[in-house]
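A short write-up of the structure that comes next.
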Amino acid sequence: MTTNQIRVRVAEVETVAAQIRRLKLVPIGMSGLPDFSGGAHTILSIPDGERTLRNPYSLMSSPYDTSSYEVSVLKAAESRGGSAFIHDKIREGLPITISAPVNLFPVDRRARRHILIAGGIGITPFMSIMRQLEHDDVPFELHYGMRSQERGAYWRQLRETYGHRVHIYFEDQGQTIPLKTLLDGQPLGTHVYVCGPSTMIDWVLNGARDAGWPAENVHYERFSAPPPGTSFTVELARSGKTVPVGPHQSMLEALEAAGIDAPYLCRGGACGQCETRIVSCAGAIQHNDHYLSDAEKAAGDKIMICVSRVDGSTVTLDL
Ligand SMILES: Cc1cc2nc3c(=O)[nH]c(=O)nc-3n(C[C@H](O)[C@H](O)[C@H](O)COP(=O)(O)OP(=O)(O)OC[C@H]3O[C@@H](n4cnc5c(N)ncnc54)[C@H](O)[C@@H]3O)c2cc1C
Ligand code: FES
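Residues 605 to 923 in our numbering are what the sequence shown spells out, letter by letter.
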């Protein structure tokens with residue numbers, strides 16, 4: 605494993621909204637946890653019998669208090685194990701390991717103003733981002749949409765803390781984020797950030813493009829876990845080993861289960877760390893990442909093993 609692993613204890617478990625749980629994690633054997641900046645995530649490694657569940661979660665606590673970390677987890681409707689375990693089985697006192705924080709969704713420190721757009725559980729990275737922007741005295745506004753009052757987390761607390769800078773929209777009350785108005789007429793140097801369902805992210809990216817925003821002023825983070833597929837086999841060209849991949853398993857998970865370490869940072873198809881060269885492939889490659897360009901995906905000689913898979917019998921990797 606290439607990431608630094610840190611031992612922590614689950615110190616608090618709290619249901620903060622329908623299907624959303626907050627975990628507070630405190631260090632074991634050290635006085636504090638590593639520094640991080642707003643928007644960073646950590647990967648929780650949770651033992652579940654024979655398996656280890658590893659999922660990325662955004663750090664939502666203050667970057668200025670590293671005596672503990674906090675994450676919030678939505679129970680996925682079709683969980684493969686990770687979020688369901690956190691909701692159904694995790695208890696206060698459980699020791700787990702986490703990775704050192706990595707930030708793939710930082711604020712651009714050159715920006716003069718920040719517009720933050722969150723949908724549902726996509727609020728989590730903005731919780732730490734807002735603490736940082738407040739601390740740095742940089743102007744920002746949050747536009748936070750959720751299905752209903754019951755299903756939205758932290759909106760009361762955010763309103764109390766940040767006042768008029770927080771705008772809340774409840775879908776069941778027919779309220780929607782006024783995207784066009786938001787994107788039109790912003791002063792030069794404004795950056796926009798979005799995290800939420802994929803459809804919301806695409807809506808904001810397309811809206812910003814149509815409104816003429818430069819791509820470098822538009823930032824997003826996708827949480828979505830890719831769909832499962834069919835079983836196939838990974839052959840490792842360098843070691844000659846063969847590893848079976850189940851329909852609900854990623855290649856990275858299958859390699860780890862076979863005792864083979866492969867690099868990763870995000871496990872979500874965003875960072876590029878797990879990029880692996882394909883030597884040969886019997887079948888179609890299903891690229892589920894957001895890292896490779898369309899041309900690179902079409903070339904078919906690289907794959908992100910944390911999220912992408914093969915619809916066929918065998919893939920041979922340069923590992
Ligand atoms: C940077 C980042 C930050 C995130 N932050 C949050 C957050 O703050 N709160 C939150 O609720 N969620 C967050 N997520 C989403 C979270 O990591 C999980 O995806 C989510 O909890 C879904 O859980 P699950 O129960 O389906 O996970 P699991 O049941 O564990 O299933 C997801 C797992 O499936 C495996 N997999 C990946 N690709 C495939 C594939 N093609 N075929 C088969 N298996 C595959 C992966 O190992 C992945 O970990 C974040 C995701 C990312 C990338
Ligand atoms: S670990 Fe980040 S893209 Fe695979």
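Even glycine gets a Cβ: it sits at the ideal position worked out from N, Cα and C.
- Between S676 and K628, the C-beta gap is not smaller than 8 Å, which leaves the two residues out of contact.
- In this structure, the beta-carbon distance from R625 to E618 falls below 8 Å.
- G863 is the residue among D692, N810, R871 and G863 whose C-alpha sits nearest the C-alpha of E654.
- Under the 8 Å Cβ criterion, the region 862-877 counts as touching the region 892-911, having at least three qualifying pairs.
- Listed in chain order, the alpha helix (DSSP H) elements of length 4 or more contained wholly in the region 751-793 are 759-766 and 783-787.
- When DSSP states are grouped into helix, strand and coil, F730 belongs to the helix group.
- In its own chain, leaving out the 5 sequence neighbours on each side, no residue places its CB closer than 6 Å to the CB of A861.
- Contact between the region 647-667 and the region 688-699 is present: 3 or more CB-CB pairs across the two stretches fall below 8 Å.
- The closest CA to that of D712, considering only L746, G916 and G642, is found on G642.
- I721 sits in a strand when the DSSP states are folded into three classes.
- Non-local beta-carbon contacts of A621 in its own chain, meaning distances under 7 Å to residues more than five positions away in sequence, involve E754, R755, G756 and A757 in chain order.
- Under the three-state reduction of DSSP output, D652 falls in the strand class.
- Judged by the Cβ position, Y773 fails to qualify as a neighbour of ligand 2 at the 7 Å threshold, every heavy atom of the ligand being at least this far.
- Within the model, the alpha-carbon separation for Q623 versus I725 is close to 10 Å.
- By a beta-carbon distance limit of 8 Å, T785 does not contact N821. Their separation comes to about 17 Å.
- In the structure shown, V742 falls within a coil segment according to DSSP collapsed to helix, strand and coil.
- By the beta-carbon neighbour count (other beta carbons within 10 angstroms, threshold 16), Y668 is exposed.
- Between the beta-carbon of L737 and that of A722 there is about 14 Å, and that puts the pair past the 8 Å contact cut.
- One Cα belongs to P801, the other to I647, and the distance between them is close to 20 Å.
- Less than 8 Å divides the Cβ of H645 from the Cβ of L663.
- Distance from D776 to R751 at the Cβ level is roughly 6 Å; contact confirmed, criterion being Cβ atoms closer than 8 Å.
- With respect to P851, P832 sits close: the two C-beta atoms are nearer than 8 Å.
- Excluding its 5 nearest sequence neighbours in each direction, S666 has C-beta neighbours in its own chain below 8 Å: S732 and R735, listed in chain order.
- Per DSSP, the continuous beta strand (DSSP E) segment holding F836 begins and ends at F836 to L840.
- Contact annotation, R842 with D922: C-beta distance approximately 7 Å; criterion of less than 8 Å satisfied.
- Contact between V798 and Y773 fails: their C-beta atoms lie close to 14 Å from each other, not under 8 Å.
- In this structure, the alpha-carbon of L840 lies about 29 Å from that of L708.
- Sixteen is the threshold: since fewer than 16 other Cβ atoms of the shown chains lie within 10 Å of the Cβ of T780, the residue is exposed.
- Between A886 and R769, the alpha-carbon positions lie close to 53 Å from each other.
- Residue range K906 to M908 is occupied by the beta strand (DSSP E) that includes M908.
- Linking L698 to R613 through their CA atoms gives a straight-line distance of about 6 Å.
- Contact annotation: T846 and V883 have beta-carbon atoms that are not nearer than 8 Å.
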